[in-house]
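> Quick one: structure below, then a few questions.
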Amino acid sequence: MDQTVLSNEQVIDGKGWRSGAKVERRKLPQWFFRITEFADDLIDSLDKLDNWSKQVKVMQKNWIGRSEGLKLNFKISKNSILSSDKNTIEVYTTRPDTIFGASFIAIAPDHPISKVCAENNKALQKFIFECNQIGTSEEALEKAEKKGFNTKIKVHHPFIKGEYLAVYVANFVLMSYGTGAIFGVPAHDQRDLDFANKLNLPIKLVVESKNIEDNKITNIAYTGDGKIVNSRFLDGMTIKEAKAHIIKISEEKHIGKKSKQFRLHDWCASRQRYWGCPVPIILCNDCGIVPVPNSELPVLLPDDVTFDKSGNPLDHHKKWHTVACPACGNIAKRETQTFDTFVDSSWYALRYPSPKSKTPIEKKQMLKWSPPDQYVGGIEHAILHLLYARFFSRALKKTNYVNFDEPFKGLFCQGMVCHKTYRGPDGWVEPQDIVFKNNKAFQKSNLQEVEIGRSEKMSKSKKNVVDPMSIINTYGADTARLFMLSDSPPERDLDWRISGVDGCWKYLKKIWAHFHNYSFDKENRTIIKEANENENNLRREIHLCIKNTSENIESFKYNSAVASIRKLSNVLLTYKINSKEPIKEQIILEGWKSFLIMMAPITPHITEELWKCIDKKTLLLEQQWPNIDKTLLKNKKLIIAVQINGKLKNTIEIDQDKADNQDHQKESALALNNIKKAIINKTPKKVIVVPGKVVNIVI
RNA sequence: GCGGCCAUGGCGGAACUGGUAGACGCGCAACGUUGAGGUCGUUGUGGGAGAAAUCCCGUGGAGGUUCAAGUCCUCUUGGCCGCACCA
């Protein structure tokens, strides 16, 4: 269907992540980026990315999938059918400590030895063919039974003289991981156990659990901790000790090597399609692979392509792909594969600081602005774009283009916007075409009942998309913005519903009316006397709000920021500007100014208009974020919880200057009527005073 | 199977390092105002008992640590997400 090639991470459930086309495996010459070169660093540096979404870090770690173990060679017995040039089988294991529990060797169907064996063996050919049929579908893999084919090859056990292990081709061994061969230890690996039970192979316990039940291996392999047994020189060791020991001995005997494996493969970056940057390479019959000289970069796509034939249009465009070889001048062919789009998105941020530059990156400007402090994106890029970009910045650092490893200092992942789905007899129905009657949903046009599906990520294919334009058209952009930020924290998935939007609109209307009912633009406000306690309390309220809002915005809690701003306005709305109280008037003005500045990022249009009510000479967007007067944050009066056995019974109010006076707090608490009543005839066992916070009486 | 995240009123969600659970809103109810109605204002709104003061219970469930647990620990249930025969 698509006639293209995808990378591993672009294949979901055996289908293309965008088109849904079925993916099959084929051999093709391709271009790869050596992302595995940085595998260790990509995984280790995750710990340093403090401001990155934790979820993304976990996903990247799993995706890179580092494991440490042993590569071990098994000698093929001389009397088996295989010719002597392939006289060992190399296996990879993370459990070298269980070597004495090995009872078979299993190799992947596409392992070179499998192929050699199959040459003269029709039954094996058939078996390998069947294994490959299962292909990439995960569903099939899940249900696939363990199957094996005995090659009749035998190998020597490397540590037990005279013991041989049979070699099977097994459908559950992957050529793409490790060496494509394993030794099977049924007692301590579930897959090996399933396989051994199927083929009646011996089960040898070599790790003994403290729990006797664990050691009776029938259908459940024991993979927990324990002592090594039945393992000659390893007996009595812990798993960790045995691992280290057997690796050491294997290396000394030159039959094995400590080894690290990654799940991550090199990044297959070439695509067989028109849309993408051409891979800047020229293929010459005499000189081989020749890079396009810098002076001829970038290689541009031809405009005059046709899409009437299947396959890559660049292949059919002879004029474009016929060029002179930069090395020898003879006629050569341009590479017609293009780059994956993720190649471009891996470095676009470095281009942004100098978009008009003639060179791809203008270093001075780039270094001034890069790397970005904060990046916001969807979780779907966790192991795609975000891993590629990390690879790119490392590669660019190594080639002296940038001076940093990590492309984005902070990463925040917003949640998905979801909506219920509706399915009628003729397919999916859009939410706006639905009417409800008695909790049942019907299609507006023909009143057919539709099935109400669960809430899912909005997508065109399921038609559960709600266009915010309808809100903007009805209520305006400010209401739409306020509404969307109000309730849900941005990292969480959001079940879209319209209820509440009306309230946001009414709220803005109320603020608007208030500003226009009271005159704010009076000159000559001078403070005549010291503010009294009530007035200071009001100021404290304002500055507490500034503090909370600032912190909330810094930590992406926009819903809490809105809450704290609204709380302030609720207080301010109760005051009316009154020139008989100049101090209060001054404070209220301070409050409203702060309000408008803090509200501006959320509802920029209305706040800018309202700013005119306060100050006609300046613009709101020129204003500084309000400063916090820290001396105001402490209340003169503290309210302290009084608990009995940890349960709240009453509160006391004390002066700030007595915040550290434990005795005072204790006495005040004990003097309360309901406390006295509660402890009558009882002596408190203990009274705990947390100064300025709580008094807990234990009885 | 492995790994991660989450669970708080009728609903969306607050709660800093353990220290007054339910901020802010939606919804709902009563009253008032206006009026055909949407509007606006005031008050109430976790559950239970009570005339009231007040008392008891309460953050999916069961235990535990602590003077004190939504928050920490163990187990468990349910939901979501990622990886998946990775040796």
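Remember, my numbering sits 689 above the position in the first sequence when you count from 1. C-beta: ideal position from N, C-alpha, C; glycine also.
According to DSSP, Trp956 sits in a beta bridge with which residue or residues?
Residue 956 sits at position 267 when you count from the first residue of the first sequence. In DSSP, Trp956 forms a bridge with Phe722.
> Helix or strand or just coil, what does DSSP make of Tyr866?
On the first sequence, residue 866 is found 177 positions in, with the first residue counted as 1. Three-state result, Tyr866: coil.
> Between Asn1213 and the rest of its own chain, which residues show a CB-CB distance below 8 Å, the 5 nearest in sequence each way excluded?
Position 524 of the first sequence holds residue 1213. Caution is warranted here: a pLDDT of 49 is assigned to Asn1213, below 50, making its placement in the model unreliable, and the coordinate value is therefore given only provisionally. Answer for Asn1213: no residue qualifies.
> Quick check for students: name the residue ranges of the alpha helix (DSSP H) that lie wholly in the stretch 1152-1240, counting only runs of 4 or more.
As far as the stretch 1152-1240 is concerned, its whole alpha helix (DSSP H) runs of at least 4 residues are 1158-1164, 1166-1175 and 1190-1206.
> Can you confirm whether the stretch 734-751 touches the stretch 834-849 when touching is taken to mean that 3 or more C-beta pairs between the two stretches lie within less than 8 Å?
Output reads no: the stretch 734-751 does not touch the stretch 834-849.
> How many angstroms separate the CA atom of Asn1241 from the CA atom of Phe872?
Numbered from 1 along the first sequence, position 552 holds the residue referred to as residue 1241. Numbered from 1 along the first sequence, position 183 holds the residue referred to as residue 872. C-alpha separation (whole angstroms): 55 Å.
> According to DSSP, simplified to helix, strand and coil, what is Val1251?
Looking up residue 1251 in the first sequence gives position 562. DSSP places Val1251 in helix when its eight states are reduced to three.
> Give me the residue from Lys1282, Trp1314 and Glu1069 with the minimum Cα distance to Lys1305.
Residue mapping note: residue 1305 aligns to position 616 of the first sequence, counting from 1. Per the Cα distances, Lys1282.
> Bridge partners for Gly758 per DSSP, in chain order?
The residue given as residue 758 occupies position 69 in the first sequence. Partner(s): Ser948.
> State whether the stretch 937-947 contacts the stretch 710-720, with contact taken as three or more CB pairs (one from each stretch) at a distance under 8 Å.
No: the two stretches stay apart, fewer than three of their Cβ pairs being nearer than 8 Å.
> Check Ser826 in the structure and name its three-state DSSP category.
In the first sequence, counting from the first residue as 1, residue 826 sits at position 137. Because the pLDDT of Ser826 is 45, which lies under 50, any placement of that residue in the model is unreliable, and the question is left without a value.
> The beta strand (DSSP E) that contains Pro980, what's its start and end?
Position 291 of the first sequence, counted from the start, is the residue given in the question as residue 980. Segment Gly977 to Pro980, the beta strand (DSSP E) holding Pro980.
> Which residues in the same chain have their Cβ closer than 7 Å to the Cβ of Ser742, if we skip the five residues on either side of it in sequence?
Start at 1 with the first residue of the first sequence, and residue 742 comes out as number 53. Excluding positions up to five away in sequence, the list reads Leu1100, Phe1101 and Cys1102.
> I need the boundaries of the beta strand (DSSP E) containing Ser995, first residue and last residue.
Walking along the first sequence from the start, residue 995 turns up at place 306. The sequence shown places Thr at residue 995, not Ser. Counting along the chain, Thr995 falls outside any beta strand (DSSP E), and DSSP gives it neither H nor E.
> Could you pull the start and end residues of the beta strand (DSSP E) that Tyr1064 belongs to?
In the first sequence, the residue the question calls residue 1064 occupies position 375. Taken as a continuous stretch (DSSP letters only), the beta strand (DSSP E) holding Tyr1064 covers Gln1063 to Gly1067.
> Can you give the beta carbon distance from Val968 to Thr1027, rounded, assuming they're within the 8 Å contact cut?
Indexing the first sequence from 1 puts residue 968 at position 279. Indexing the first sequence from 1 puts residue 1027 at position 338. About 7 Å; that satisfies the 8 Å criterion.
> If Asp1004 sits next to Gly1104, beta carbons under 8 Å apart, how far is it from one beta carbon to the other, in whole angstroms?
Taking the first sequence and counting its residues from 1, the one referred to as residue 1004 is at position 315. Taking the first sequence and counting its residues from 1, the one referred to as residue 1104 is at position 415. Not really, about 43 Å apart at Cβ, beyond 8 Å.
> Can you round the beta-carbon distance between Ala876 and Lys850 to whole angstroms, since I take them to be within the 8 Å contact cut?
Residue numbering aside, residue 876 sits at position 187 when the first sequence is read from its first letter. Residue numbering aside, residue 850 sits at position 161 when the first sequence is read from its first letter. At roughly 22 Å, the Cβ-Cβ gap does not stay under 8 Å, so Ala876 and Lys850 are not in contact.
> Could you tell me which residues DSSP pairs with His845 in its beta bridges?
Within the first sequence, numbered from 1, the residue matching residue 845 stands at position 156. Per DSSP, Tyr853.
> Do Trp1185 and Val1106 have their CB atoms nearer than 8 Å?
For the purposes of this step, residue 1185 is taken as residue 496 along the first sequence, with counting starting at 1. For the purposes of this step, residue 1106 is taken as residue 417 along the first sequence, with counting starting at 1. Contact flag set, yes.
> From the DSSP output, in three-state form, read off Lys1022 for me.
Here the question's residue 1022 lines up with position 333 in the first sequence. Note: Lys1022 maps to strand in three-state DSSP.
> For Arg1229, which of Asn1206, Val1260 and Lys1199 has the nearest alpha-carbon?
Stepping through the first sequence from its first residue, residue 1229 is reached at position 540. If we check each option's Cα against that of Arg1229, Val1260 comes out closest.
> Thinking just about the alpha-carbon of each residue, which of Met1055, Ala859 and Ala1360 is nearest to the one in Leu813?
The residue you call residue 813 lines up with position 124 of the first sequence. That would be Ala859, whose Cα lies nearest to the Cα of Leu813.
> Relative to the alpha-carbon of Pro718, which residue among Thr1025, Pro1293, Leu1075 and Glu1119 has its alpha-carbon at the smallest distance?
Along the first sequence, one-based indexing puts residue 718 at 29. With distances taken between Cα atoms, Pro718 lies closest to Thr1025.
> Quick check on DSSP: helix, strand or coil for Gly925?
Counted from its first residue, the first sequence places residue 925 at position 236. Reduced to three states, the DSSP call for Gly925 is coil.
> Short of 6 Å in beta carbon distance, which residues of its chain neighbour Thr1171, apart from the five on each side in sequence? Order them along the chain.
Here residue 1171 is taken as the residue at index 482 of the first sequence, counted from 1. In the sequence as presented, Thr is not what sits at residue 1171; that position holds Leu. Closer than 6 Å at the Cβ level, and outside the excluded window around Leu1171, lie Cys1193, Ile1291 and Thr1292.
> Taking the continuous alpha helix (DSSP H) assigned at Arg1040, which residues delimit it?
Stepping through the first sequence from its first residue, residue 1040 is reached at position 351. Start and end: Tyr1037 to Arg1040.
> Out of curiosity, what's the CA-to-CA distance linking Ser1059 and Leu1039?
The residue labelled residue 1059 in the question sits at position 370 within the first sequence. The residue labelled residue 1039 in the question sits at position 350 within the first sequence. Roughly 7 Å between the two C-alpha positions.
> Helix, strand or coil for His1006 per DSSP?
Position 317 of the first sequence holds residue 1006. Here His1006 sits in coil by DSSP.
> Which value, in whole angstroms, describes the spacing of the CA atoms of Arg755 and Asp733?
Along the first sequence, read from residue 1 onward, the residue named residue 755 stands at position 66. Along the first sequence, read from residue 1 onward, the residue named residue 733 stands at position 44. C-alpha separation (whole angstroms): 10 Å.
> In the structure shown, what three-state DSSP assignment does His800 receive?
Position 111 of the first sequence, counted from the start, is the residue given in the question as residue 800. Three-state result, His800: coil.
> Would you decide whether Gln1354 is buried or exposed? Buried here means 16 or more other CB atoms lie within 10 Å of its CB.
For the purposes of this step, residue 1354 is taken as residue 665 along the first sequence, with counting starting at 1. The residue is buried, with at least 16 neighbouring Cβ atoms inside 10 Å.
> Going by beta carbon distance, what residues of the same chain come within less than 6 Å of Arg723, once the five residues before and after it are set aside?
Here residue 723 refers to the residue found at position 34 when the first sequence is read from its first residue. Counting only Cβ-Cβ distances below 6 Å, and skipping sequence neighbours, we find Asp955.
> Are Asn1237 and Ser1177 touching if we call contact CB-CB under 8 Å?
Against the first sequence, residue 1237 aligns to sequence position 548. Against the first sequence, residue 1177 aligns to sequence position 488. Cβ atoms of Asn1237 and Ser1177: not closer than 8 Å.
> Might you give, ordered along the chain, the residues of its own chain that have their beta carbon closer than 6 Å to the beta carbon of Lys1077, omitting 5 neighbours on each side?
Reading the first sequence from its first residue, position 388 is the one you call residue 1077. What sits at residue 1077 in the sequence shown is Tyr, not Lys. Contacts found: Phe1031 and Ser1035.
> Would you give the residue range spanned by the alpha helix (DSSP H) that Glu985 belongs to?
If you number the first sequence from 1, residue 985 lands on position 296. Segment: none, Glu985 is in no alpha helix (DSSP H) and carries neither H nor E.
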